[in-house]
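In this note's numbering, the protein residues as written are -6 to 195.
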């Protein structure tokens, strides 16, 4: 019986007579109809559907309005910088794959400069608008997404001198390119927020 009903619904949905036409007021629209997998067991039809994972963490407890504002500010800042960390990881994978196809150091250096130029042209203005706090969070998230600190990435791609130079500049702004991400320690709350962002829960 179930298969018969589904076949009728599919026929109605695909019919050139009804598709794209305005339906009478008392007619049910099947525009958002979803068809699920099913199995029959002991005469009962059981539907199968894959649903998105929902992550549940303990609700943060705040002792003051100030702490609550800090939490919301942290959520906001992570939403701002998280896409850049994901982009950094994707670009790193892209570069690593391209590196395996390059035959000498000169080609690799040219490729790095080209990628750097493209990133600067596309994201320079946006990154310049980041606050110091957001910059620090981005450094942490880059380590979370890539498994390498920003210092290690700069040293690997541009050399020790460049890494030392940019580490010095970061220090002047109160940051540290060698900052690592500690998901089980001091960055546990940040990690939980990022997971919720990735799942679309906040």
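Beta carbons are placed, not taken as given, at the ideal position from N, Cα and C, and that holds for glycine. Small disclaimer: the values here were computed from a predicted structure and weren't measured.
- [ ] Determine, using beta carbons only, whether residue 195 and residue 68 come nearer to each other than 9 Å.
- [x] Here the question's residue 195 lines up with position 202 in the chain shown. Here the question's residue 68 lines up with position 75 in the chain shown. For residue 195 and residue 68, yes; Cβs fall inside 9 Å.
TODO: Return the chain-ordered ranges of every beta strand (DSSP E) run that is complete within the segment 119 to 158 and spans a minimum of 3 residues.
DONE: none
- [ ] With residue 34 as the anchor, note down where its beta strand (DSSP E) starts and where it stops.
- [x] In the chain shown, counting from the first residue as 1, residue 34 sits at position 41. Residues 30 to 34.
TODO: Identify which residue in 52, 141, 91 has its Cα closest to the Cα of residue 170.
DONE: The residue labelled residue 170 in the question sits at position 177 within the chain shown. Cα-wise, what sits closest to residue 170 is 141.
- [ ] May I ask you to verify whether the segment 174 to 194 touches the segment 127 to 139, counting CB pairs closer than 8 Å and requiring at least 3?
- [x] yes
- [ ] Can you grab the Cα-Cα spacing for the pair residue 92 / residue 150, in whole Å?
- [x] Locating residue 92 in the chain shown gives position 99, where the first residue counts as 1. Locating residue 150 in the chain shown gives position 157, where the first residue counts as 1. Going from the Cα of residue 92 to the Cα of residue 150 covers about 11 Å.
- [ ] State the DSSP-derived secondary structure class of residue 60, mapped to helix, strand or coil.
- [x] What you label residue 60 is simply residue 67 of the chain shown in a count that begins at 1. If DSSP states are grouped into helix, strand and coil, residue 60 belongs with the helices.
Task: Cα-Cα separation, residue 98 to residue 119 - done: By one-based count along the chain shown, residue 98 stands at place 105. By one-based count along the chain shown, residue 119 stands at place 126. The straight-line gap from Cα to Cα measures roughly 31 Å.
Task: residue 77 and residue 104 closer than 9 Å at C-beta - done: Taking the chain shown and counting its residues from 1, one reaches residue 77 at position 84. Taking the chain shown and counting its residues from 1, one reaches residue 104 at position 111. No, these two residues do not count as a Cβ contact at 9 Å.
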